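Student: Just so you know, the protein sequences line up as chains A and B, in that order. Per full-length UniProt numbering, the first sequence starts with residue 1, numbered consecutively. Per full-length UniProt numbering, the second sequence starts with residue 1, numbered consecutively. Here a beta-carbon is modelled for each residue, glycine too, at the ideal position from N, C-alpha and C. None of these values were measured; they are calculated from a predicted model. Pasting in a structure now, in structure tokens, and then I'll have a few things to ask.
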Amino acid sequence: MRALRAYLRSPAGVIGAVLLVAVIAAALSADALFPRDPLALAGRPLQWPGANPRLPLGTDNLGRDIAAFLFHGARVSLLIGLVASVVAVGIGVMVGAIAGFYGGWVDDLLMRITEAFQTVPNFILLLVLVAVFGSELSVITIAIGLVGWTAPCRLVRAEFLSLRNREFVLAARGLGMRDLPLILGEVLPNALPPVIVYASVVMAIAILLESALAFLGLSDPNIASWGNMIGAGRAVLRTEWYVSAIPGGAILVTVLAFSLVGQGLNDALNPRMQVL
Amino acid sequence: MELGRRQALSGAGGAMLGGLLPGLALGQGTPQRGGTLTVQLTSEQRVLNPAIQASTGVYVMASKIVEPLVDLDAAGEPTGVLAERWESAPDGLTHTFHLRRGVTWHDGKPFTSKDVQFSAMECWKKILNYGTTLYLFLEAVETPDDTTAVFKFSKPMPQGLLLRALPDLGHVIPAHVYAGTDIRTNPANTAPIGTGPFKFVEYQRGQYLIAERNPNYWRGNGLPYLDRIVWRFIADRAAAAAAIESGQVQFSPYSGLSLSDIARLSKDGRFNVGTKGNEGNTAHTVCEFNLRRKELSDVRVRRAIAHALDLDFFIENFLFGYAKLGTGPIPSSSAPFYVPRPAPYPFDKARAEALLDEAGYKRPSRNGMRFAQPLKLLPAPWGEYTLNFATFIQQSLREIGVRVEIEARDAPGFLTGVYRNHDFDLTTGWHQYRNDPAVSTTVWFRTGSPVGAPWTNQYGYDNPEMDRVIDAAATELDPARRKALYQDFVKIAIEDVPVHTAVEHAFISVYSKRLMNSHTNPRWSSSSWADAWLAPT
Numbered sequence: 001m002r003a004l005r006a007y008l009r010s011p012a013g014v015i016g017a018v019l020l021v022a023v024i025a026a027a028l029s030a031d032a033l034f035p036r037d038p039l040a041l042a043g044r045p046l047q048w049p050g051a052n053p054r055l056p057l058g059t060d061n062l063g064r065d066i067a068a069f070l071f072h073g074a075r076v077s078l079l080i081g082l083v084a085s086v087v088a089v090g091i092g093v094m095v096g097a098i099a100g101f102y103g104g105w106v107d108d109l110l111m112r113i114t115e116a117f118q119t120v121p122n123f124i125l126l127l128v129l130v131a132v133f134g135s136e137l138s139v140i141t142i143a144i145g146l147v148g149w150t151a152p153c154r155l156v157r158a159e160f161l162s163l164r165n166r167e168f169v170l171a172a173r174g175l176g177m178r179d180l181p182l183i184l185g186e187v188l189p190n191a192l193p194p195v196i197v198y199a200s201v202v203m204a205i206a207i208l209l210e211s212a213l214a215f216l217g218l219s220d221p222n223i224a225s226w227g228n229m230i231g232a233g234r235a236v237l238r239t240e241w242y243v244s245a246i247p248g249g250a251i252l253v254t255v256l257a258f259s260l261v262g263q264g265l266n267d268a269l270n271p272r273m274q275v276l
Numbered sequence: 001m002e003l004g005r006r007q008a009l010s011g012a013g014g015a016m017l018g019g020l021l022p023g024l025a026l027g028q029g030t031p032q033r034g035g036t037l038t039v040q041l042t043s044e045q046r047v048l049n050p051a052i053q054a055s056t057g058v059y060v061m062a063s064k065i066v067e068p069l070v071d072l073d074a075a076g077e078p079t080g081v082l083a084e085r086w087e088s089a090p091d092g093l094t095h096t097f098h099l100r101r102g103v104t105w106h107d108g109k110p111f112t113s114k115d116v117q118f119s120a121m122e123c124w125k126k127i128l129n130y131g132t133t134l135y136l137f138l139e140a141v142e143t144p145d146d147t148t149a150v151f152k153f154s155k156p157m158p159q160g161l162l163l164r165a166l167p168d169l170g171h172v173i174p175a176h177v178y179a180g181t182d183i184r185t186n187p188a189n190t191a192p193i194g195t196g197p198f199k200f201v202e203y204q205r206g207q208y209l210i211a212e213r214n215p216n217y218w219r220g221n222g223l224p225y226l227d228r229i230v231w232r233f234i235a236d237r238a239a240a241a242a243a244i245e246s247g248q249v250q251f252s253p254y255s256g257l258s259l260s261d262i263a264r265l266s267k268d269g270r271f272n273v274g275t276k277g278n279e280g281n282t283a284h285t286v287c288e289f290n291l292r293r294k295e296l297s298d299v300r301v302r303r304a305i306a307h308a309l310d311l312d313f314f315i316e317n318f319l320f321g322y323a324k325l326g327t328g329p330i331p332s333s334s335a336p337f338y339v340p341r342p343a344p345y346p347f348d349k350a351r352a353e354a355l356l357d358e359a360g361y362k363r364p365s366r367n368g369m370r371f372a373q374p375l376k377l378l379p380a381p382w383g384e385y386t387l388n389f390a391t392f393i394q395q396s397l398r399e400i401g402v403r404v405e406i407e408a409r410d411a412p413g414f415l416t417g418v419y420r421n422h423d424f425d426l427t428t429g430w431h432q433y434r435n436d437p438a439v440s441t442t443v444w445f446r447t448g449s450p451v452g453a454p455w456t457n458q459y460g461y462d463n464p465e466m467d468r469v470i471d472a473a474a475t476e477l478d479p480a481r482r483k484a485l486y487q488d489f490v491k492i493a494i495e496d497v498p499v500h501t502a503v504e505h506a507f508i509s510v511y512s513k514r515l516m517n518s519h520t521n522p523r524w525s526s527s528s529w530a531d532a533w534l535a536p537t
């Protein structure tokens, strides 16, 4: 409760939450509002927004209903954001926890592996993974997760390094607690707050990465993702800019929502920020 | 059926030419030496040897470096390049080419009839896509002396066909570089040595190809005029449009810009935009079927798919009117062989659904999908025509209860996937007509092309009657009978529809008005550019 109150005191957090709820609402209502396949031909291509009351946001250069695409795209983006950050944070927490908890050669080994991943730019690695394993949605989502795990990993490791010699950990160890329950039950819960904050950033990055892939025409062309529409709209960018701008705005709003929520969580979970 | 925009466009091209001609007599009559021509290309095939891969994507670069025996002149008539003159025996079995003297390869070695013999027998006949069919009955190339090459055929070869094929399927590569090596993997395939007006300098995959002036070019007279040609691979069409507008690029061939930008630039006074100089490269945007897939082996399913596509809508709205309905594998631009006919598969959704029902693929429920597995569609990454057509097919087939999944690939991945591994159900592509149906059209329908030869029948289509008609037409010396045989060919192709030649269009060139002496023959982008020059800014 205290955390919730702290969260609500952060204006950024509140704005972020409102935006995020709006995006989630769009994703949930997509089927009800736009029951037709968003990839289907909805009418003459390149109708400007407002020109046709049946198609409030107009059509793109492939004749698809931009409004339907926007709502259905919210699902894809949220799904990618969620799954990719679960993968990234999951791997990151596991590797970081083991490295930070045990230290020594285990830490050295895992950190060298982490660094090997960090030295390759995220997007390049993602391009390689997609080139090798194909561009289905599931592959892309997992690949985005795979390229994003290093930052949460280092974060968790740092937390574990500082927590592992605290009194409560030593006490639990003294009571004969074994490593696994100690990691999961004692250290991890105390290390999580910064990770939760960072997870929101990972989600935002995941959405941006998928859009960047789609922009290059390398995402799954069979799904209604915002990036796909931006990529298609590139061909008519100079004349019908709205085809790219509308989904671009949707990405902006969603990424902003995640970052603001992250900031709000940071304010709420950071002990140093607590006033009470 | 000519559409408004296209008409307006060709009209504009004509007006432009009229405006330039007086100018040519004055200041432009004296071509200027020097300058670098930068050309934008959307994709590359990583092959620069036109003797083993016949494709506009290869010619647009390599034909400046490697030359054919014969090319087409401004009127579209054969004109000698490495061959000076030729004669044919009345029976069509022997064709003698007298080669140009004093031509040297870029590495200094002399060009001789041995090079022609090697190129014809080892490359054109054995490896070259299209060539494997065209030169099927080529028995030998005899070389009585260094400047005479005698082509011996076991079945009659019409001289007109041979001469119209040679500009595309007659590039000569140096025997001394290739003999005794694995031709397909020879390093000269990406660092070509030729006799042409420009010499290979550097090729960086995915970035650029540079060729520079060949000072020892056999035409002399100060040719070529340009110092250098740079081909830049700019896949992003918006960036390509920006590059040509800012003057970094002077020429975008083969509809390389987005159609909306082409329409926009056609109103910009700094550029020439049009189909002139591309008449010899009329293309069809096609849908190819893999007959190995059980459902597609049934001709009723293929016809149903053809009927499901509202091509009028597609041309008007997706292609900005820069195209017209295809009426069969021989395009309307082919005066000697085309017979007007209506588009064979008009849009008729009810008929499409009925055909699928009849073939036994009923919808499991009212909006259910008819096939257990979706059809896998590989779109050719050549441009908006092929990419948008893929999306349009996906959208249209969904309406008749056929789910299509698109799998996007880059050019090499696409060519391997379709033409070597046959790992597709549907694919969109460009079929190019090259002056005579026997050059690059019938090979899409005849059996016997080696696996992996791009733009050939790799669909598992096998109709002995079709093969018979194709062979009869290719060896028929009487023009009237040849034309009649090609009507039979068109009829069978439409009936069996292994490839749906849905949309016919000429390629659109966009180039700076500084580029002079350009688009002067029907396949200019694929010709040598020896006399092209750049006016100073």
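#1: Could you have a look at residue 164 of chain B and say whether DSSP puts it in helix, strand or coil?
#2: Per the contact definition of three or more C-beta pairs closer than 8 Å, is the segment 405 to 423 of chain B in contact with the segment 440 to 458 of chain B?
#3: Taking three-plus beta-carbon pairs below 8 Å as touching, is the segment 227 to 241 of chain B in contact with the segment 356 to 375 of chain B?
#4: Among B:328, B:71, B:492, whose alpha-carbon lies nearest the alpha-carbon of residue 341 of chain B?
#5: Measure how close the beta-carbons of residue 530 of chain B and residue 156 of chain B come, nearest whole angstrom, since I'm counting them as under 8 Å.
#6: Run down chain A in chain order and give the residues with a C-beta less than 9 Å from the C-beta of residue 260 of chain B.
#7: Output needed in chain order: residues of the segment 222 to 244 of chain B with a Cβ under 8 Å from some Cβ in chain A.
#8: Could you tell me which of B:500, B:501, B:512, B:508 sits nearest to residue 262 of chain B, measuring between CA atoms?
#9: If you measure between the beta carbons of residue 134 of chain B and residue 165 of chain B, is that distance less than 7 Å?
#10: What are the residues in the segment 378 to 402 of chain B lying within 9 Å of chain A by C-beta distance?
#11: Counting pairs of Cβ atoms below 8 Å between the segment 519 to 536 of chain B and the segment 199 to 206 of chain B, do you hit three or more?
#12: Can you tell me whether residue 22 of chain B is buried or exposed? The criterion is at least 16 other CB atoms within 10 Å of its CB, across all chains shown.
#13: According to the Cβ coordinates, are residue 71 of chain A and residue 30 of chain A closer than 7 Å?
#14: List, from N- to C-terminal side, the alpha helix (DSSP H) runs of 4 residues or more that fit wholly inside the segment 165 to 224 of chain A.
#15: So what does residue 432 of chain B bridge to, in DSSP terms?
#16: What three-state label does DSSP hand residue 237 of chain A in the structure shown?
#17: If the cut is a Cβ gap below 8 Å, which residues of chain B does residue 135 of chain A touch?
#18: Report the residues of the segment 23 to 51 of chain A with a CB closer than 7 Å to any CB of chain B, ordered along the chain.
#19: When you compare each of B:52, B:534, B:434, B:339 to residue 188 of chain B by their alpha carbons, which one comes out closest?
#20: Looking only at its chain, what residues have a beta carbon closer than 6 Å to the beta carbon of residue 107 of chain A, apart from the 5 residues adjacent to it on each side?
#21: If you reduce the DSSP assignment to three classes, tell me which class residue 33 of chain B lands in.
#22: Beta-carbon of residue 421 of chain B versus every beta-carbon of chain A: anything under 7 Å?
#23: With a Cβ-Cβ cutoff of 7 Å, do residue 221 of chain A and residue 408 of chain B count as a contact?
#24: Establish whether the CB of residue 317 of chain B and some CB of chain A are separated by less than 7 Å.
#25: Excluding the 5 residues preceding and the 5 following residue 68 of chain B in the sequence, name in chain order all residues of the same chain whose CB lies nearer than 6 Å to its CB.
#26: By a C-beta neighbour count over all protein chains shown, 10 Å radius and 16 as the cutoff for buried, is residue 48 of chain A buried or exposed?
#27: Relative to chain B, which residues along the segment 198 to 225 of chain A have a C-beta separation below 9 Å, given in chain order?
#28: Taking all protein chains shown into account, do 16 or more other C-beta atoms lie within 10 angstroms of the C-beta of residue 138 of chain A, making it buried, or fewer, making it exposed?
#29: For the segment 257 to 271 of chain A against the segment 189 to 203 of chain A, do three or more pairs of beta-carbon atoms, one drawn from each stretch, fall closer than 8 Å, so that the two count as touching?
#30: Can you give, in chain order, each stretch of the alpha helix (DSSP H) that sits fully within the segment 90 to 159 of chain B and has at least 4 residues?
#31: Less than 7 Å separating the beta-carbons of residue 277 of chain A and residue 42 of chain A?
#32: Which one or two residues does DSSP pair with residue 274 of chain B in a beta bridge?
#33: Give the residues of chain A in contact with residue 264 of chain B, contact being defined as C-beta atoms less than 8 Å apart.
#34: Could you give the DSSP three-state label for residue 108 of chain A: helix, strand or coil?
Tutor: Considering the structure as presented:
#1: helix
#2: yes
#3: no
#4: Measuring from the Cα of residue 341 of chain B, the nearest candidate turns out to be B:328.
#5: In fact, because the Cβ distance is near 34 Å, the residues do not count as touching under 8 Å.
#6: 46, 61, 235, 236, 237, 238, 239, 240
#7: 236, 237, 238, 241
#8: B:508
#9: yes
#10: 379, 381, 384, 387, 388, 390, 391, 392, 394, 395, 396, 398, 399
#11: No: fewer than three Cβ pairs fall under 8 Å.
#12: Note that residue 22 of chain B scores a pLDDT of 35, beneath 50, so its modelled location is shaky and nothing firm can be said.
#13: yes
#14: 167 to 174, 188 to 215
#15: Looking at the DSSP output, residue 432 of chain B sits in a beta bridge with B:283.
#16: coil
#17: 407, 408
#18: 37, 39, 40, 41, 44, 45
#19: The candidate whose alpha carbon is nearest that of residue 188 of chain B is B:52.
#20: 99, listed in sequence order.
#21: Here residue 33 of chain B sits in coil by DSSP.
#22: In terms of beta-carbon proximity, residue 421 of chain B stays away from the interface with chain A, with every pair separated by 7 Å or more.
#23: In contact: residue 221 of chain A and residue 408 of chain B (Cβ atoms closer than 7 Å).
#24: yes
#25: 81, 166, 167, 170, 171
#26: exposed
#27: 216, 217, 218, 219, 220, 221, 222
#28: exposed
#29: yes
#30: 113 to 118, 131 to 134
#31: In the structure displayed, chain A extends from 1 to 276; residue 277 of chain A sits before or after that span and is not available.
#32: Bridge partners of residue 274 of chain B: B:509.
#33: 238, 239
#34: helix
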